[in-house]
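*Asks:* A single structure is presented below for examination.
In this note's numbering, the protein residues as written are 607 to 744.
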């Protein structure tokens, strides 16, 4: 059973520049069948955005698909190191009420770990793991 974040994370997460559009972020998520992208500015990780963030922070607030994605992203990031114990990241997710944590080695983005990743690795028979393993609805 994996014990470190490096053994559980998804390496090389998808990124988008902060000045790119909401539409481009949505197209990336659609093309790669993912629900979030990491937002970067000048090569620095500055946030994370989910499909729900786009709906709530942009569309519901009167924005549109041509708005910059920085409008939708969460900027108070909770991050982990690849060497962190998975249990510590699970506790961090609980404490901060987040479902996804970018994994950093210094200033370099090296992965992302989600609540679903942890469930599939550590409790594969749980409802969350089973749901996370299923293909998306079409």
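A virtual CB, placed ideally from N, CA and C, is assigned to each residue, including glycine.
The structure presented is a predicted model; accordingly, all values stated were derived computationally and were not measured.
Starting from the C-beta of residue 711, find all residues in its chain whose C-beta is less than 8 angstroms away, skip the five residues before and the five after it, and write them out in chain order.
*Replies:* Counting only Cβ-Cβ distances below 8 angstroms, and skipping sequence neighbours, we find 687, 688.
*Asks:* Tell me the start and end of each unbroken beta strand (DSSP E) in the region 644–697 that is at least 3 residues and wholly inside, in chain order.
*Replies:* Runs of the beta strand (DSSP E) inside the region 644–697: 650–656.
*Asks:* When the Cα atoms are used, what is the spatial distance from residue 721 to residue 690?
*Replies:* Rounded to whole angstroms, residue 721 to residue 690 spans 15 angstroms at the Cα level.
*Asks:* Do you know offhand how far residue 679's Cα is from residue 724's?
*Replies:* Their Cα atoms are separated by approximately 23 angstroms.
*Asks:* In or out: residue 631 buried (at least 16 other Cβ within 10 Å) or exposed?
*Replies:* Answer is buried; the Cβ neighbour count reaches 16.
*Asks:* Taking the alpha-carbon positions, what's the residue 589 to residue 684 distance?
*Replies:* Here the chain covers residues 607 to 744 and nothing more, so residue 589 does not appear.
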